[in-house]
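Q: Sharing a structure below in structure tokens format, with a few things to ask.
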Amino acid sequence: MPRARAVGNEEQRQLSTTGLKVLVIDDSNTIRRSAEIFLKQGGHEVMLAEDGFDALAKVNDYQPNLIFCDILMPRLDGYQTCAIIKRNARFANTPVVMLSSKDGVFDKARGRMVGSQDYLTKPFTKDQLLQTVQQFGQPK
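Using my numbering, read the sequence shown as starting at 1 and increasing by one per residue.
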């Protein structure tokens, strides 16, 4: 019997490194679709949102393990979206990685002030995206 339990633990460990639920929030259809393709190729489940309001509605239902959030979006920008997500006790520990075509120190610092864990510059490669998922994604 102990052998069967060890195999079960190994399977659990393998599941914890892949198959995460990832939410991608970006007003660019191209970025959303690219991220979706890359993440699915990496074995992850993907939910897409086109702006902050759309994302807030989906976060509660989907309960992602990791969120990628564009900064410049209409209606509710990425900083506001991240701050609202982080204020909810259920999602305070969910990693948020900001996405932006700007690579400025101010943007990165502002992202950290609202609770983001990291910053990924667009356009990103498949390797950059999957490496970020591996770094921050943890199953719930």
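For glycine and all other residues, C-beta sits at the position ideal for the given N, C-alpha and C.
Are the beta-carbon atoms of Thr81 and Ile25 separated by less than 9 Å?
A: Yes, Cβ-Cβ distance for Thr81 and Ile25 is below 9 Å.
Q: Per DSSP, Ser100 forms a beta bridge with which residues?
A: Ser100 is bridged to Thr121.
Q: Excluding five sequence neighbours on each side, which residues of the same chain lie with their C-beta closer than 7 Å to the C-beta of Pro64?
A: Answer for Pro64: Lys21, Val22, Leu23, Met47, Thr94, listed in chain order.
Q: Let me confirm a value: Ser101 is counted as buried when at least 16 other C-beta atoms fall within 10 Å, else exposed. Which label applies?
A: Exposed, since its Cβ has fewer than 16 Cβ neighbours within 10 Å.
Q: For Gln131 and Arg75, what's the separation of their Cα atoms in angstroms?
A: Roughly 30 Å between the two C-alpha positions.
Q: Give the straight-line distance between the Cα atoms of Phe106 and Tyr119, rounded to the nearest whole angstrom.
A: The straight-line gap from Cα to Cα measures roughly 12 Å.
Q: Give me the Cβ distance between Leu129 and Phe38, rounded to the nearest whole Å; I'm assuming they're in contact under 8 Å.
A: Correct: roughly 5 Å between the Cβ atoms.
Q: Taking the straight line between their C-alpha atoms, what separation do you get for Ser28 and Met73?
A: Roughly 9 Å separates the two Cα atoms.
Q: Out of Cys69, Asn60, Leu56, point me to the one whose CA is closest to Arg90's CA.
A: Nearest option by C-alpha distance: Asn60.
Q: Taking C-beta to C-beta, are Val96 and Gln117 nearer than 9 Å?
A: Taking 9 Å as the Cβ cut-off, Val96 and Gln117 qualify as a contacting pair.
Q: Residues in its own chain within less than 6 Å of Lys126 by CB, not counting five upstream and five downstream?
A: Closer than 6 Å at the Cβ level, and outside the excluded window around Lys126, lie Phe38.
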